[in-house]
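Read in order, the letters of the sequence shown correspond to residues 1 to 507 in this note's numbering.
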Amino acid sequence: MSKNYDLFVIGGGINGCGIARDAAGRGLSVFLAEKTDFASATSSASTKLIHGGLRYLEYYEFRLVREALKEREVLLKMAPHIIWPLRFILPHHKGLRPAWFLRLGLFMYDHLGGRKLLPATKTVPLDCAPFNDGLKSLFTRGFEYSDCWVDDARLVVLNARDAAQRGADIRRNTEVMRASRTNGGWEIEVRDNLSGASEIIHAKVLVNAAGPWVANVLRGAIGLNSQANVRLVKGSHIVVPKMFAHDRSFIFQNGDGRIVFAIPYENDFTLIGTTDVDFEGDPSGVACSEDEVAYLCSAVSEYFSKEVTSDMVVRTYSGVRPLYDDGASEARAATRDYVLEMDEGEGRSPLLSVFGGKITTYRRLAEHALEKLSGSLPQAAKKNAWTKDSILPGGDFAPGNIDSKISELKTAFPFLTARHAVRLVRAYGSDAQEILGGAKSLADLGTHMGGDLYACEVDWLIEQEWAVSAEDILWRRSKLGLHLPKEAEGVLERYLASYFETRRMVS
């Protein structure tokens, strides 16, 4: 027997999960299908920033920049455990953009978005501490401005969790095989990619938020002869050992007009990115090329006092951005704004396809999607947009109170090391205490996987956040893969196998 929903969402990236959460919060019945894991593609391959996009001002993307700047502080208040302020240092490079041009851009950046919580831009000397740490001595003047850091994959899964808590049916490893219009809605066949079982779902409205697969879904599962205006652009990043000791990030100009970020990452590393390369092929096979590694190493080595070389790279990752094709001649100039295309008409059930977008503006994208669908889902229009003043799971404290939350956890569980306590609060916020339960010692946390990963946390990720594999846990629900010894992955895989076998036998 098939199930009936108001809204069916294809894709478990940030846009799909954001739309599902918003819709569920308005009282709609929602089904979301993700064919692999949440944030398994583009949404976990970002530069980890909530930002307005300073360089987009050069392309006159004022609406996008304004919206993104306003969203920084909205999201900071929604999830202060996984989002926090960063100060960026922009060195003045005498051979590139003039200082007056940078000051003008940063003045606009400070004032376009109604900044309240984040500190303003200021001119800083780069020939004294802490700003000179890591930089070549020839850079003596620069600018410091504000944006925010985000754990991108955790932002996605927290939206999925909140949607589920509000009644949405959220499925991972669930692929849409076909979707066809019926009288008054859609009939969608989904397949569980683990069991192979199929199921028929009916929904009034279909949302295609498949990210880089948006055009594939239109032509394949939905069967439309569509000329989808999507431009696939690959962005790659490299991770190297820590290049500087302070907590600022750098934004470096390059001679080709692009910019590259160098950001403190996971305590012990520096994250460097990103590239902009047009991409063809299957997005699931995307990888950072040797040319991209060389480009990023060269770009930052022009600024850093220590040369960054390819043999220093400990990890790379790449993602494919499904940008709206606006006809720009170069990938770096293609718009980062989002476009929502409706396919409907008299007697035609609504289909909404999502093109483009930034992780920073996902919440507003979701609001706009529900606005577009309000004619077909009148109950969505009955409840006002609600997410602006909401909080995500674990984020029920003020942005400035993160240190007190860490102190509370350390007091309640004195056997934790300071670093362990910080990691748990930065990942789970107020949920950290629930994860640790009534533990009185490390032994009470269960099987030790390595580092500071124990069974109680793994169990939580399985039961609350849909984790099923070591990769889910080590690289998306956390970045512990950078820190744990190699044998830890095997310990974790054996634990997961035992966990799921026990659950299978009980059921």
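C-beta atoms are modelled at their ideal positions from N, C-alpha and C, and glycine is treated no differently. Quick caveat, the model's predicted, so the values are computed rather than measured.
Can you tell me whether residue i is buried or exposed? The criterion is at least 16 other CB atoms within 10 Å of its CB, across all chains shown.
i	result
ILE406	buried
SER498	exposed
HIS111	exposed
ALA427	buried
TYR60	exposed
PHE261	buried
ARG26	buried
ALA294	exposed
LYS358	buried
ASP147	buried
ARG219	exposed
VAL300	buried
ARG231	buried
Assign residue i to one of three DSSP states: helix, strand, or coil.
i	result
ALA455	helix
MET78	helix
THR411	helix
GLU266	coil
ILE359	helix
ALA160	helix
HIS483	coil
TRP475	helix
PRO91	strand
LYS234	strand
LYS48	coil
MET312	helix
LYS383	coil
PHE500	helix
TRP466	coil
LYS122	strand
THR544	This structure leaves residue 544 out entirely; the chain is present only between 1 and 507.
LEU218	helix
GLY105	helix
ARG141	strand
GLU341	strand
To which residues of the same chain is residue i closer than 6 Å at the C-beta, ignoring the five residues directly before and after it?
i	result
LEU424	ALA432
ARG181	SER349
SER249	LEU86, PHE88 and ILE263
LEU436	PHE413
LEU508	Residue 508 lies beyond the stretch modelled for the chain, which goes from 1 to 507, so this question has no answer here.
THR36	none
MET449	ALA488, VAL491 and LEU492
Leaving out five residues before and five after residue i in sequence, what residues of the same chain have Cβ atoms less than 7 Å from its Cβ?
i	result
SER185	One detail in the question is off: residue 185 reads as Gly in this sequence, not Ser. Around GLY185: HIS202, ALA203, LYS204 and SER349.
THR361	GLU67, ALA68, GLU71 and TYR338
LYS388	VAL74
MET312	VAL240 and PRO241
LEU28	ASP6, LEU7, LEU377, GLN379 and ALA380
Please identify the residue among the options whose C-alpha is closest to the C-alpha of residue i.
i	options	result
PHE269	GLY13, ILE238, ILE259 and GLY255	ILE238
VAL491	THR309, ALA470 and SER507	ALA470
GLU34	SER44, CYS17 and LYS48	CYS17
MET523	VAL506, GLU457 and ARG363	Lying before the first or after the last residue shown, residue 523 is absent from the chain, which here runs from 1 to 507.
LEU138	SER305, PHE107, ARG26 and TYR60	SER305
VAL176	ALA163, GLY167 and TRP213	TRP213
ARG476	PHE500, ILE82, LEU32 and ASP291	ILE82
VAL233	ASN254, GLY281 and LEU474	GLY281
GLU187	TYR5, LEU104 and ALA294	TYR5
LEU496	TRP149, ASN15, SER40 and TYR454	TYR454
GLY375	GLY345, ASN208 and ASP247	GLY345
GLU144	PHE252, VAL230, ASN229 and ALA245	PHE252
ALA39	GLY105, ASP147 and ARG172	ARG172
LYS94	THR121, TYR303, ALA168 and SER29	TYR303
PHE244	GLU307, PHE500, LYS372 and SER29	GLU307
LEU32	GLY167, SER43, ARG103 and CYS148	GLY167
PHE500	GLU58, LEU474 and TRP466	TRP466
GLN165	VAL30, GLY481, LEU480 and VAL277	VAL30
ALA398	THR274, CYS456, LEU76 and SER441	LEU76
THR42	GLU189, ASN229 and PHE355	PHE355
Return the chain-ordered list of same chain residues with a C-beta closer than 8 Å to the C-beta of residue i, the five sequence neighbours on each side being excluded.
i	result
HIS483	GLU266, ASP268 and GLY451
ALA99	HIS92 and ARG141
Confirm the yes/no value for this check: CB of residue i, any heavy atom of the ligand ATP, distance under 7 Å.
i	result
VAL176	With respect to the ligand ATP, the structure offers nothing, as it holds no ligand at all.
Worksheet entry | the region 22-40 in contact with the region 217-232 per 3-pair CB rule at 8 Å | They do not touch, by the three-pair rule.
Worksheet item: If we count Cβ pairs, one from each stretch, closer than 8 Å, do we get three or more for the region 383-391 versus the region 401-420?
Response: Remark: fewer than three beta-carbon pairs, one from each stretch, lie closer than 8 Å, so the region 383-391 and the region 401-420 are not flagged as touching.
Worksheet item: Given 8 Å as the limit, is there contact between the region 110-125 and the region 276-290, that is, 3 or more CB pairs closer than that?
Response: Result no; under three Cβ-Cβ pairs closer than 8 Å.
Worksheet item: Using 8 Å as the Cβ pair cut-off and three pairs as the minimum, do the region 145-165 and the region 318-328 touch?
Response: When C-beta atoms of the region 145-165 are compared with those of the region 318-328, fewer than three pairs fall below 8 Å, so the two segments do not count as touching.
Item to complete: Examine the Cβ distances between the region 388-395 and the region 157-176 and report whether three or more of them are shorter than 8 Å.
Response: Yes, they touch.
Practice prompt. Would you check if there are 3 or more beta carbon pairs closer than 8 Å linking the region 39-58 to the region 187-203?
Written response: The region 39-58, when compared against the region 187-203, does not touch it at the 8 Å Cβ threshold.
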